[in-house]
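Going by this note's numbering, the sequence shown opens with residue 1459, and the numbers climb by one from there.
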Amino acid sequence: MTARGGLQIENSREEDQGKYECVAENSVGTEHSKATNLYVKVRRVPPTFSRPPEPINEVMLGSSLNLSCIAVGSPMPHVKWMKGAQDLTPENNIPIGRNILELTNIQQSANYTCIAASSLGQIEAIAVIKVQSLPTAPTDVQISEVTATSVRLEWSYKGPEDLQYYVIQYKPKNANQAFSEISGIITMFYVVRALSPYTEYEFYVIAVNNIGRGPPSVPATCTTGETRDFTYGGAKMESAPRNVQVRPLSSSTMVITWEPPETPNGQVTGYKVYYTTNPNQPEASWDSQMVDNSELTTISELTPHAIYTVRVQAYTSMGAGPMSTPVQVKTQQGKFQLNYMPKF
């Protein structure tokens, strides 16, 4: 009250708003003035984020992170965090204006929502947590378009995104050698070339991201096709039968054994054995004998006490391969027979 009977309100608030009247009292009685209304103008602002959470947060597996969310308004909003439909802030203790969510031992990527609400409305902001980890293994590796020296690989990938490229590792199956590697593949298919004909290979596909290489896929295997060519890219691509050995059984018979070619370029279907007493002649004029898929044969009706040169050639469905190194053998001497009756 002022000295002159006035009412002074300092630091008015919304609660001071209402109807006021002056009342005078003495020994005679009481008198009320005409009522007047007081309106307090309050600044009303809907919620807004002064510092929203970072929209994208990349973390390592098992690490910790604090998500900060700050909102303002008049009245000041309450701020809470949610993960999907799960409320992470207790209803009886919702902070005003600021809320920090502490995450520890993060194991998987997820979305978190900050909600700021007052009587004037509600706003939301989403923070994405992306756990950085090695990529998973590619799946469903398929092989097609198989030739004697190339195959086409296709695969699927259903792991985390943000891959950089793929790697293909391959080698002949069961071979005691290091894997060959093709890196920097950005498609989910690739044609592997410069393979050896009629060879069983195993292939692995690996995904790579900025963290490193993931585990390899399940192996895919196939056998390359056969070929007629003896050379590919300047390198010998087929070998002859190995370790050819000849042993005379009699003056007119010999037995021949050998081992299959080391790189036959196809499935061996049979052999052809060439033999002659005159190795200076072309092989086409030599005597020969076809042998089914066996590494042994016997040659008869030979000339006694003669030197024979022997060579062996392997056959596949694509044709004949190179001949083996010449091997020589001498047949046994025949028994001498009398054509007249001796006199006694």
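Every residue gets a Cβ at the ideal spot worked out from N, C-alpha and C, and that includes glycine.
These figures come from a predicted structure and were not determined experimentally.
- Around residue 1480, the same chain offers 1491 as residues with beta carbons nearer than 6 angstroms, after the five sequence neighbours per side are excluded.
- By the Cβ criterion, the region 1715–1732 is in contact with the region 1776–1784, since at least three pairs of Cβ atoms, one from each stretch, lie closer than 8 angstroms.
- Closest in C-alpha terms to residue 1506, from the list 1659, 1630, 1534, 1667, comes 1534.
- Residue environment for residue 1602: exposed (fewer than 16 other C-beta atoms within 10 angstroms of its C-beta).
- In this structure residue 1561 is buried. Its beta-carbon is surrounded by 16 or more other beta-carbon atoms within 10 angstroms.
- The three-state reading of DSSP puts residue 1550 in helix, counting H, G and I together.
- For the 8 angstroms CB-CB criterion, residue 1677 and residue 1658 do not form a contact.
- Distance from the CA atom of residue 1604 to the CA atom of residue 1629, rounded to whole angstroms, is 16 angstroms.
- At a Cβ-Cβ threshold of 8 angstroms, residue 1663 and residue 1611 count as neighbours.
- In the DSSP assignment, residue 1621 falls outside any beta strand (DSSP E), carrying neither H nor E.
- Taking every protein chain shown into account, the CB of residue 1536 has 16 or more other CB atoms within 10 angstroms, so this residue is buried.
- For the pair of segments examined, the region 1486–1502 was found not to touch the region 1552–1566: the number of CB pairs separated by less than 8 angstroms stays below three.
- Counting only residues of its own chain and dropping the five nearest sequence neighbours on each side, residue 1708 has a CB closer than 7 angstroms to the CB of 1790.
- Using a Cβ-Cβ distance cut-off of 8 angstroms, the region 1643–1658 and the region 1615–1633 are in contact, since at least three pairs of beta carbons, one from each stretch, lie closer than that value.
- In this structure, residue 1704 sits near residue 1785, with a CB-CB distance shorter than 8 angstroms.
- Contact between residue 1502 and residue 1532 is confirmed by a C-beta separation of about 6 angstroms, below the 8 angstroms threshold.
- Residue 1581 and residue 1475 have their C-alpha atoms some 29 angstroms from each other.
- Contact between residue 1585 and residue 1511 holds, since their C-beta atoms are separated by about 4 angstroms, short of 8 angstroms.
- In the structure shown, residue 1568 falls within a strand segment according to DSSP collapsed to helix, strand and coil.
- Going by beta carbons, residue 1715 and residue 1760 fall outside the 8 angstroms limit.
- With respect to residue 1770, residue 1713 sits apart: the two C-beta atoms are not nearer than 8 angstroms.
- With fewer than 16 other CB atoms across the displayed protein chains lying within 10 angstroms of its CB, residue 1597 is exposed.
- One alpha carbon belongs to residue 1472, the other to residue 1499, and they sit about 8 angstroms apart.
- Going by DSSP, residue 1598 is part of the beta strand (DSSP E) stretching over 1597–1602.
- One thing to note: residue 1655 has its Cβ within 8 angstroms of the Cβ of residue 1606.
- Taking C-beta atoms as the reference points, residue 1745 and residue 1734 count as a pair closer than 8 angstroms.
- As the crow flies, the alpha-carbon of residue 1739 is around 53 angstroms from that of residue 1641.
- For residue 1553, the closest C-alpha among the options 1469, 1573, 1788, 1566 is that of 1573.
- For secondary structure counted as the beta strand (DSSP E) over 3 or more consecutive residues, the region 1654–1688 holds these complete runs in sequence order: 1658–1666, 1678–1681.
- Taking the Cβ atoms as the reference, residue 1515 lies roughly 5 angstroms from residue 1587, within the contact range of under 8 angstroms.
- A distance below 8 angstroms between beta-carbons, with the five flanking residues on each side excluded, links residue 1495 to the following residues of its chain, in chain order: 1476, 1477, 1478.
- With distances taken between CA atoms, residue 1757 lies nearest to 1731 out of 1652, 1530, 1781, 1731.
- If the five residues before and after residue 1673 are omitted, its C-beta is found closer than 6 angstroms to the C-beta atoms of 1595, all from its own chain and listed in chain order.
- Proximity to residue 1566 across 1576, 1538, 1556, 1523 peaks at 1523, based on C-alpha coordinates.
- If only complete runs of 4 or more residues are kept, the region 1713–1762 shows no alpha helix (DSSP H) anywhere.
- Annotation: the region 1501–1532 contains the following complete segments of the beta strand (DSSP E) (minimum length 3 residues), in chain order: 1503–1509, 1514–1518, 1523–1532.
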